[in-house]
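In UniProt numbering, the protein residues as written are 1 to 292.
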């Protein structure tokens, strides 16, 4: 089971969250048969959603969606609370087979597979209307783009480092860390964070070397005194149900459903997020037609 840890530093003026998401990203890769570069992009966005998801309460839900003009197409990641100190997350890409050569540094060229575009963040609350924020992509590398959203839309200067390490056998390591500068932070605190973030090794390198979430937090916090808070379990989860599929089909209307039932013995729907297949017989569709 993957873990996420929350913390603070500098007398509460820095908020920190870090996690190991190797199993989460591996699950997403296997469900969607993601190509290597697609795995890196989807895994980074999924990790960012899971980390930010630790702030959700009750039935609140967070959605990160990148609309890029690269070969990967639209990428969407969701996160929500699944209980006390537990986060569920899911993600998919419009073109899971998208892949490009490694960049000049021998790394996954996530920026190229994503392309230019925008990042939209939606927060669904238990009461009231959803919140939507959208920012242009600053690099397409995912971490930089999430940091830009936090700084520009939520006015919270942030450091976001997310990474995925893969080889021909699959996902070797995945994880991330987010440091957010809260009101009251002094110049020395900010300078310490900046130095530490520039000096720290890539997240996946730290994980391969044995780092846990607390160690990732220490790395980005540098010499700041850290106070650890809660530990969260995180796993790939999905909110799809047969009932939700039926609701979508009901939207076709009585006549269209009756026609569908007469033309084919089965109607199949597949969840974009998890790949679950829902098969309805002609009798099932006729019953829906009667309800429409």
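Glycine is no exception: its CB is placed at the ideal position from the N, C-alpha and C atoms.
Compute the beta-carbon to beta-carbon distance between residue 88 and residue 79, rounded to the nearest angstrom, for a pair I have assumed lies under 8 Å. Translated into the one-based positions of the chain shown, residue 88 becomes position 88. Translated into the one-based positions of the chain shown, residue 79 becomes position 79. Right, the Cβ-Cβ distance comes to about 7 Å (below 8 Å), so this counts as a contact.
Meets three-Cβ-pair contact criterion under 8 Å: the stretch 33-51 and the stretch 243-260: Not touching, per the Cβ criterion.
Please state whether DSSP places residue 90 in a helix, a strand or coil. Counting from one through the chain shown, the residue named residue 90 turns up at place 90. Here DSSP, grouped into helix, strand and coil, assigns residue 90 to strand.
When the Cα atoms are used, what is the spatial distance from residue 125 to residue 52? Translated into positions along the chain shown, residue 125 becomes position 125. Translated into positions along the chain shown, residue 52 becomes position 52. Straight-line Cα distance between these residues: approximately 15 Å.
Quick test of your reading: residue 258 and residue 286, contact by CB under 8 Å. State the CB separation rounded to the nearest angstrom. Stepping through the chain shown from its first residue, residue 258 is reached at position 258. Stepping through the chain shown from its first residue, residue 286 is reached at position 286. The pair is a contact, with the Cβ atoms about 7 Å apart (cut-off 8 Å).
Taking all protein chains shown into account, do 16 or more other C-beta atoms lie within 10 angstroms of the C-beta of residue 242, making it buried, or fewer, making it exposed? As a first step, residue 242 must be located in the chain shown, where it is residue number 242. Exposed, because fewer than 16 other Cβ atoms sit within 10 Å of the Cβ of residue 242.
8 Å contact criterion, which residue 146 and residue 48 should meet: CB distance rounded: In the chain shown, the residue the question calls residue 146 occupies position 146. In the chain shown, the residue the question calls residue 48 occupies position 48. Sure, about 5 Å apart at Cβ, within 8 Å.
Nearest residue (CA-CA) to residue 190, options 222, 278 and 30: Counting from one through the chain shown, the residue named residue 190 turns up at place 190. With distances taken between Cα atoms, residue 190 lies closest to 222.
In three-state terms, what does DSSP make of residue 19? Locating residue 19 in the chain shown gives position 19, counting from the first residue. In this structure, residue 19 counts as strand in the three-state DSSP scheme.
List in chain order: all unbroken beta strand (DSSP E) runs of 3+ residues lying wholly within the stretch 171-248. List check, beta strand (DSSP E) in window: 226-236.
Proximity of residue 157 and residue 181 at Cβ, strictly below 9 Å: By 1-based counting over the chain shown, the position of residue 157 is 157. By 1-based counting over the chain shown, the position of residue 181 is 181. Yes; because the gap between Cβ atoms is below 9 Å, this pair is in contact.
Nearest to residue 3 (by Cα), restricted to the options 177, 205 and 291: Against the chain shown, residue 3 aligns to sequence position 3. In terms of Cα proximity to residue 3, the closest of 177, 205 and 291 is 177.
Give, in chain order, every unbroken run of the alpha helix (DSSP H) that is at least 4 residues long and sits entirely within the stretch 127-161. 143-153, all fully within the stretch 127-161.
Residue 109 versus 205, 187, 165 and 206, residue with shortest Cα-Cα distance: Taking the chain shown and counting its residues from 1, the one referred to as residue 109 is at position 109. With distances taken between Cα atoms, residue 109 lies closest to 165.
Buried or exposed, going by whether 16 or more other CB atoms sit within 10 Å of the CB of residue 251? Your numbering for residue 251 matches position 251 in the chain shown. By the neighbour-count rule (16 or more Cβ atoms within 10 Å), residue 251 is not buried but exposed.
Distance between residue 255 and residue 144 (C-alpha atoms, nearest Å): Counting from one through the chain shown, the residue named residue 144 turns up at place 144. Counting from one through the chain shown, the residue named residue 255 turns up at place 255. Their backbone Cα atoms lie some 49 Å apart in a straight line.
Return helix, strand or coil for residue 97, following the three-state DSSP convention. For the purposes of this step, residue 97 is taken as the residue at position 97 of the chain shown. In the three-state reduction of the DSSP assignment, residue 97 falls in the coil class, being assigned neither a helical nor a strand state.
DSSP state of residue 72, grouped into three classes? As a working mapping, residue 72 is identified with position 72 in the chain shown. Residue 72 falls in the coil class under three-state DSSP.
Hey, could you find the ends of the beta strand (DSSP E) residue 122 is sitting in? On the chain shown, residue 122 is found 122 positions in, with the first residue counted as 1. Bounds of the beta strand (DSSP E) holding residue 122 are 117-124.
If we count the other Cβ atoms within 10 Å of its Cβ and call it buried at 16 or more, is residue 175 buried or exposed? Your numbering for residue 175 matches position 175 in the chain shown. So residue 175 ends up on the buried side.
Whole-number beta carbon distance between residue 276 and residue 240, since they are thought to touch under 8 Å: Counting from one through the chain shown, the residue named residue 240 turns up at place 240. Counting from one through the chain shown, the residue named residue 276 turns up at place 276. Contact flag correct, Cβ pair sits at about 6 Å.
Distance CB(residue 68)-CB(residue 114) smaller than 9 Å: Here residue 68 is taken as the residue at index 68 of the chain shown, counted from 1. Here residue 114 is taken as the residue at index 114 of the chain shown, counted from 1. Taking a C-beta distance under 9 Å as the contact criterion, residue 68 and residue 114 qualify as a contact pair.
Along the chain, where does the alpha helix (DSSP H) that runs through residue 266 open and close? Residue numbering aside, residue 266 sits at position 266 when the chain shown is read from its first letter. No alpha helix (DSSP H) holds residue 266; the beta strand (DSSP E) holding it covers 266-270.
Residue range of the unbroken beta strand (DSSP E) whose run includes residue 37: Taking the chain shown and counting its residues from 1, the one referred to as residue 37 is at position 37. Premise fails: residue 37 lies in the alpha helix (DSSP H), 36-52, not in any beta strand (DSSP E).
Would you call the stretch 127-135 in contact with the stretch 93-110, where contact means no fewer than 3 C-beta pairs closer than 8 Å? Verdict: no, contact absent.
In whole angstroms, give me the CA-to-CA distance for residue 1 and residue 75. Taking the first residue of the chain shown as position 1, residue 1 is located at position 1. Taking the first residue of the chain shown as position 1, residue 75 is located at position 75. When rounded, the distance between both Cα atoms is 24 Å.
Sort 168, 120, 186 and 129 by Cα distance to residue 154 and report the nearest one. As a working mapping, residue 154 is identified with position 154 in the chain shown. In this structure, 120 is the residue among 168, 120, 186 and 129 with its C-alpha nearest to the C-alpha of residue 154.
Chain-order list of residues whose beta-carbon lies under 6 Å from that of residue 61 (same chain, five-residue window excluded): The residue labelled residue 61 in the question sits at position 61 within the chain shown. Its chain contains 80 and 124 as the residues whose beta carbon lies nearer than 6 Å to that of residue 61, once the 5 sequence neighbours on both sides are disregarded; these appear in chain order.
Please state whether the Cβ-Cβ distance between residue 290 and residue 267 is less than 9 Å. For the purposes of this step, residue 290 is taken as the residue at position 290 of the chain shown. For the purposes of this step, residue 267 is taken as the residue at position 267 of the chain shown. With contacts defined by Cβ atoms closer than 9 Å, residue 290 and residue 267 do not form a contacting pair.
In this structure, does DSSP put residue 11 in helix, strand or coil? Within the chain shown, residue 11 is the residue found at index 11, counting from 1. Of the three classes helix, strand and coil, the one that applies to residue 11 here is coil, per DSSP.
Kindly indicate the opening and closing residues of the alpha helix (DSSP H) around residue 260. Working through the chain shown from its first residue, we reach residue 260 at position 260. From DSSP, the alpha helix (DSSP H) with residue 260 extends over 254-263.
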